[in-house]
Amino acid sequence: MTARPRGEDRRRIVVAITGATGAVYGVQLLRRLHAMPGVETHLVVSDAASLTLHQELGLQRRDAEALADVVHRNRDIGASIASGSYQTDGMVIAPCSMKTLAAVAHGLSDNLVTRAADVMLKERRRLVLMVRETPFNLAHLRNMTAVTEMGGIVFPPLPSFYQRPATIEEMVEHTVDRALDLLGLDNAHAPRWAGMKDTAHGRDG
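Last residue of the sequence shown: 219 (the working numbering), numbering continuous.
This is how it looks when you write it as C-alpha cells:
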C-alpha cells in the first residue's frame with residue numbers, strides 16, 4: 015500500500031495489533047490516527063490478532079488494514095520499519111499479548127512486530143505497550159519491568175471511572191486518548207481533568 019506524501023510536519027506512527035483480547039483498542043486507535051491529517055500510520059497485524067479481530071469485533075484483517083496508510087506483513091522482517099534508519103516517531107502495540115511482551119523484553123526480534131519494537135528501544139523512540147492479561151504472574155511482571163527499564167512505556171488498557179463513562183465505547187475512547195497523549199500527539203478530543211468538584215469550591219476533607 016502506498017503512503018500519503020510525508021511532509022516535514024507529518025509524523026509516522028507504527029501500530030501493531032497482536033492476539034490478546036482487546037482488538038478494539040488497536041482498531042479505534044487506527045481510526046483516530048487516520049483522522050489526524052498530520053499523521054502517517056504503519057500497521058502490522060499478527061496472525062493471532064486476525065482471529066481476535068473476527069472473534070471480538072466481527073472484522074477481517076483487511077478491515078483494520080483499510081484504516082492504515084501503510085500495511086506491513088508480520089513475516090516481512092525486511093520492511094522499512096525494521097530499520098532504525100527509517101524515521102518514525104513512535105509505536106503502540108494495542109493490544110500487546112504476553113508473548114509479544116516477553117519477546118520485546120528479551121530482544122527476540124523474530125517477527126516484524128517485535129523487530130519494530132526493538133528498533134524503537136534502540137533508537138530511543140517512544141514505545142507504548144498496551145499489555146492485556148490478568149492476573150499477572152511473576153514472568154509478566156518481570157518482563158514489564160525489563161521493558162520499562164529499557165525505556166518502553168507499559169500501559170495496560172484499564173478503564174477509569176472518574177469521567178463517569180456510560181458505555182464501553184466511552185471507556186475505550188478514554189484509553190485511546192491516553193495512548194495518543196503518550197505519543198505526544200495533539201488531541202483536542204480528550205477530556206481533561208480539572209480537579210474534584212468539591213475542591214473547586216474550596217471544600218476540605
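All C-beta atoms in this analysis are idealised placements derived from N, C-alpha and C, irrespective of residue type, glycine included.
Small disclaimer: the values here were computed from a predicted structure and weren't measured.
Which value, in whole angstroms, describes the spacing of the CA atoms of H188 and A204? Taking the sequence shown and counting its residues from 1, the one referred to as residue 188 is at position 174. Taking the sequence shown and counting its residues from 1, the one referred to as residue 204 is at position 190. Each residue's Cα considered, the two are about 7 Å apart.
Buried or exposed by the 16-neighbour rule on C-beta atoms within 10 Å, applied to D83: Locating residue 83 in the sequence shown gives position 69, where the first residue counts as 1. Buried: at least 16 other Cβ atoms inside 10 Å.
When DSSP builds the beta bridges, which residues end up paired with I31? For the purposes of this step, residue 31 is taken as the residue at position 17 of the sequence shown. Paired residues: V59.
Whole angstroms are fine: how far does the CA of H48 sit from the CA of G21? Looking up residue 21 in the sequence shown gives position 7. Looking up residue 48 in the sequence shown gives position 34. Summary for G21: the model assigns pLDDT 49, below 50, so the residue's position carries little reliability; its value from the coordinates is reported in the next sentence. Distance between the alpha carbons of G21 and H48: 16 Å.
Span separating the alpha-carbon of Y176 from that of A208: Numbered from its first residue, the sequence shown carries residue 176 at position 162. Numbered from its first residue, the sequence shown carries residue 208 at position 194. Cα-Cα distance, rounded: 11 Å.
Integer-rounded CB distance, given that V53 should sit under 8 Å from L199: Within the sequence shown, residue 199 is the residue found at index 185, counting from 1. Within the sequence shown, residue 53 is the residue found at index 39, counting from 1. Right, the Cβ-Cβ distance comes to about 7 Å (below 8 Å), so this counts as a contact.
Can you check which of these residues, D61, M210 and V28, is closest to G98 by C-alpha distance? What you label residue 98 is simply residue 84 of the sequence shown in a count that begins at 1. Out of D61, M210 and V28, V28 has the C-alpha closest to the C-alpha of G98.
Between the region 58 to 71 and the region 29 to 40, are three or more C-beta pairs nearer than 8 Å? yes
Within this structure, are the beta carbons of A62 and S94 separated by less than 9 Å? Position 48 of the sequence shown holds residue 62. Position 80 of the sequence shown holds residue 94. Taking 9 Å as the Cβ cut-off, A62 and S94 do not qualify as a contacting pair.
For my contact list, A202 and L43 are in at a C-beta cut-off of 8 Å; report their separation, rounded to the angstrom. By 1-based counting over the sequence shown, the position of residue 202 is 188. By 1-based counting over the sequence shown, the position of residue 43 is 29. The Cβ separation is near 17 Å, so there is no contact.
Just tell me which of P171, A117, T162 and R25 has its CA closest to the CA of V38. Taking the sequence shown and counting its residues from 1, one reaches residue 38 at position 24. The candidate whose alpha carbon is nearest that of V38 is P171.
Going by beta carbon distance, what residues of the same chain come within less than 6 Å of R24, once the five residues before and after it are set aside? Here the question's residue 24 lines up with position 10 in the sequence shown. Cβ within range, chain order: G52 and E54.
Are the beta-carbon atoms belonging to V118 and N88 less than 9 Å from one another? For the purposes of this step, residue 118 is identified with residue 104 of the sequence shown, where counting begins at 1. For the purposes of this step, residue 88 is identified with residue 74 of the sequence shown, where counting begins at 1. Not closer than 9 Å, so no.
Evaluate G40 with the Cβ neighbour count: other Cβ atoms within 10 Å of its Cβ, from every protein chain shown; 16 or more gives buried, anything less gives exposed. Counting from one through the sequence shown, the residue named residue 40 turns up at place 26. G40 should be labelled buried.
Please classify M134 as buried or exposed, where buried requires at least 16 neighbouring CB atoms within 10 angstroms. Translated into positions along the sequence shown, residue 134 becomes position 120. Buried, since its Cβ has 16 or more Cβ neighbours within 10 Å.
Along the beta strand (DSSP E) that carries G40, what are the first and last residues, could you check? Here the question's residue 40 lines up with position 26 in the sequence shown. Note, G40: premise wrong, no beta strand (DSSP E); alpha helix (DSSP H) at A37 to H48.
Alpha carbon to alpha carbon, how far is R26 from Q101? Give it in angstroms, no decimals. Here residue 101 corresponds to residue number 87 of the sequence shown, with the count starting at 1. Here residue 26 corresponds to residue number 12 of the sequence shown, with the count starting at 1. Straight-line Cα distance between these residues: approximately 8 Å.
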